[in-house]
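These notes concern the structure reproduced below.
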Amino acid sequence: MTPAAGPKIQIRSVAKTFASGRAPALADVDLDVAERELVCILGPSGCGKSTLLNIVAGFLAPTSGTVLVDGHAVTGPAPERGVVFQEYALFPWLTVTGNVEFGPRLQARPAAERRRTVDRYLDLVGLRAHADKFPAQLSGGMKQRVAIARALANNPAVILMDEPFGALDAQTRETLQDELSKIQRVEHKTILFITHSIREAVYLADRVVVMTSAPGRIKQVFPIKLPEVRDRFAPEFTQSEADITRVVKEEVAKVRE
Amino acid sequence: MASFVSNVSTLVESGLRGPALTRRRALALQVGAVGVFLALWSVLAGLVVVLKLFNPIFLPGPWLVLGALAELAAKGQLWIHLAATLERVTIGFGVGAALGVGLGLAAGQLGPVRDVVEPLIELLRPIPPLAVLPLFIVWVGIGEPSKIGFITYATFFPIFLTTVTGVRQIDPVLLRAAQSLGARGLGLFTRVILPAALPDILTGLRLGVALAFFVIVISEFIGAEHGLGYLINDGRNFFLVEQMLAAAVVLGLLGYAGNGLVRLLERRLTRGQHPA
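Heads up: the sequence lines are chains C and W, in that order.
Mapping of the first sequence onto our numbering: position 66 corresponds to residue 66, and the numbering continues sequentially without gaps.
If you want our numbering, it's the 1-based position in the second sequence plus 1000.
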């Protein structure tokens, strides 16, 4: 529990306009994410939350403003910022093991170390028995577990998750939320998590950031003061959910107008 | 007849929803089809002889073709012609594949290369390769270089085009995933772009092999002293229809084997990419 020297991720006045003349997608977003913190960004679809994540990942350049990770400006994708995508993005020609050890292999880690890394993270996501399977042989939930193990195995400074459970059925979705929460209690990663599910955000986040729509800005930040292990049916949980829902609804109503 | 019709409808139905044929049954059907074909051919050739429909020299039975093949093999001629054709195809296809894959990867990856190469190729591609064979002969003579060069020319196009498609169609999210895991430059190329484009490249190679056997025969018609195409043309000159058919059978088997070889390579290199 070493105190961090300043925020892990610093988003400073980030704005993004895709084409001149068009309305900006993001306007003046400021956000800090502390080390070991899991921050969920919540907002109606089209509010620019994925754009914000793509800027932090380095896939997109902001029109103005900067993103700092560990005090260094983001200029492009780099292994210090692991990404988990909604579409899993597993390499179909590699086995589960091959996918998880993709990062360590690039760093030319010795085979024995790679095997330990793969074993550790496959154990963590409960897929040790499927190590030699190919992605095509796995269900959606299993694929996303592999993608999470792959991101963790590369030991990034921060993990960016772009609606990672958005393509899964409700049942699998809750299971994966449970697992991510368990993993976070072990790994204590700094995570920026995009979602449009309020329940998911309240279940996982240390803080929930609600964004406005068109242009996307930060509307309100909700610290979630619930125990580490959360109960979706506890009154405090439902209360947080209700508080956030009220604020999100205002934004959804604005989009409708 | 009624039972035949009902059989067909059951067959169609099982083809639509029923379980897949077992390997054994599939093989039996395949062998059976070849057997029926040979039997029909035999009957037809026999009828020509018996009923004196026309000079039987035009349609020798399969046994005569087999006999001609055995004779060619026994005299050692077959191997010389086979080796000549195989050598041309191997070199011509090898060079065409190397150029097609190499240039295709470059054009798929690098915008400027694509802008220079693609218009040229789009202009040349619609010209049937056979139309340029006389040009090859005028330019480099009637010997080996024109035959090999012709195969290279013909096989280059499908391999180049499928390789470009393969590279261009890579899911951008895979590239993003690789980059955020630390892949850049050559590492990104060898570990992601190449394997991601491989299924399309292999399709191009399969098309290329088929085309190589297609065009070699024609170039061996002209000014060749060896080769299976020469054997066919020679058979035409001397009215040896069984020799023509024997060479054609060997060509068929070669093409079949070539296709099988690429398919084997496909299965080995892209294992796991098809749902089990």
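Just so you know, even glycine gets a beta-carbon here, dropped at the ideal spot from N, CA and C.
Count the other C-beta atoms from every protein chain shown that fall within 10 angstroms of the C-beta of residue i, then say buried if there are 16 or more, exposed otherwise.
i	result
L1264(W)	exposed
Q144(C)	buried
P62(C)	buried
K16(C)	buried
Q1243(W)	buried
R246(C)	exposed
A253(C)	exposed
S13(C)	exposed
W1079(W)	exposed
V146(C)	buried
K1147(W)	buried
N99(C)	buried
F59(C)	buried
K189(C)	buried
H72(C)	exposed
V1215(W)	buried
M1001(W)	Its pLDDT being 45, under 50, M1001(W) is placed unreliably by the model, and the measurement read from it follows with that caveat. M1001(W) should be labelled exposed.
D169(C)	exposed
N1055(W)	exposed
E228(C)	exposed
Run down chain C in chain order and give the residues with a C-beta less than 8 Å from the C-beta of residue i.
i	result
P1060(W)	Near P1060(W) there are no residues of chain C at all, since even the closest Cβ is about 50 Å away, more than 8 Å.
L1174(W)	A89, F91
Can you pull the chain W residues whose beta carbon is under 9 Å from the beta carbon of residue i, in chain order?
i	result
Q107(C)	G1182
T17(C)	Those within 9 Å of T17(C) in chain W number zero; the least Cβ separation is about 21 Å.
So which residues of chain W does residue i contact, with C-beta pairs closer than 7 Å?
i	result
R145(C)	Correct list: empty, because the minimum Cβ distance to chain W is about 15 Å.
G21(C)	The premise fails here: G21(C) is roughly 25 Å from chain W at the closest Cβ pair, so nothing lies under 7 Å.
P92(C)	Q1273
A57(C)	S1180
Compute the distance between the beta-carbons of residue i and residue j, then report whether it is under 7 Å.
i	j	result
I1170(W)	A1196(W)	yes
I9(C)	V83(C)	no
L1194(W)	E1266(W)	no
A89(C)	L122(C)	no
T117(C)	P104(C)	yes
T1152(W)	V1095(W)	yes
Q258(C)	E200(C)	Here chain C comprises residues numbered 1 to 257, so residue 258(C) is not present and cannot be evaluated.
T97(C)	A151(C)	no
E241(C)	V202(C)	yes
L1228(W)	V1250(W)	yes
A1247(W)	I1232(W)	yes
L1110(W)	L1198(W)	no
F1156(W)	G1092(W)	no
V1167(W)	A1178(W)	no
E251(C)	S197(C)	no
P156(C)	R81(C)	yes
C40(C)	F193(C)	yes
F134(C)	G1272(W)	yes
L38(C)	Q184(C)	yes
Below 8 Å on C-beta distance, what does residue i contact in chain W?
i	result
N154(C)	L1181, G1182
G103(C)	L1181, G1182
T51(C)	Near T51(C) there are no residues of chain W at all, since even the closest Cβ is about 14 Å away, more than 8 Å.
For residue i, which residues in chain C fall below 7 Å Cβ to Cβ?
i	result
A1177(W)	V83, F85, A89
G1185(W)	None at all; the shortest Cβ gap to chain C is about 11 Å.
T1190(W)	Within 7 Å Cβ-Cβ: nothing; T1190(W) doesn't reach chain C, min ~11 Å.
Using a Cβ cut-off of 9 Å, pull out every chain C residue sitting near residue i, in sequence order please.
i	result
Q1030(W)	Ordered by position in chain C, no residue passes the 9 Å Cβ test against Q1030(W), which lies about 28 Å from the chain.
T1165(W)	Under the 9 Å cutoff, chain C gives no residues; its nearest Cβ is about 17 Å from T1165(W).
*Return the chain-ordered ranges of every beta strand (DSSP E) run that is complete within the region 125-168 of chain C and spans a minimum of 3 residues.*
158-162
*Could you tell me whether the region 1106-1115 of chain W touches the region 1052-1062 of chain W, where touching means 3 or more Cβ pairs closer than 8 Å?*
Segments in contact, no.
_Under 8 Å, with one C-beta from each stretch per pair, do the region 46-64 of chain C and the region 158-165 of chain C reach the 3-pair mark?_
yes
_Meets three-Cβ-pair contact criterion under 8 Å: the region 1128-1147 of chain W and the region 1174-1187 of chain W_ = no
_the region 19-31 of chain C contacting the region 197-217 of chain C, beta-carbon criterion three pairs below 8 Å_ = Taking one beta carbon from each stretch, the region 19-31 of chain C and the region 197-217 of chain C have 3 or more pairs nearer than 8 Å; the two touch.
*asked:* Contact between the region 1161-1178 of chain W and the region 1102-1109 of chain W is defined here as three or more beta-carbon pairs at a separation below 8 Å; is this criterion met?
replied: yes
*With a floor of 4 residues, list each alpha helix (DSSP H) that falls wholly inside the region 1161-1208 of chain W, ordered by position along the chain.*
1172-1180, 1185-1188
*asked:* For the region 1192-1206 of chain W, list every residue whose C-beta sits within 8 Å of some C-beta in chain D, in sequence order.
replied: No chain D is present in this structure, whose protein chains are C and W.
_Tell me whether the region 226-234 of chain C and the region 32-46 of chain C touch, counting them as touching only if at least three CB pairs, one residue from each stretch, are closer than 8 Å._
Contact fails: fewer than three Cβ-Cβ distances are below 8 Å.
*asked:* With three or more beta-carbon pairs closer than 8 Å as the criterion, would you say the region 1041-1055 of chain W touches the region 1217-1228 of chain W?
replied: no
*alpha helix (DSSP H) segments (min. 4 residues) lying fully within the region 1083-1164 of chain W*: 1111-1124, 1129-1140
*Every unbroken beta strand (DSSP E) within the region 175-231 of chain C, with a cutoff of 3 residues, ordered by chain*: 190-195, 207-211, 218-223
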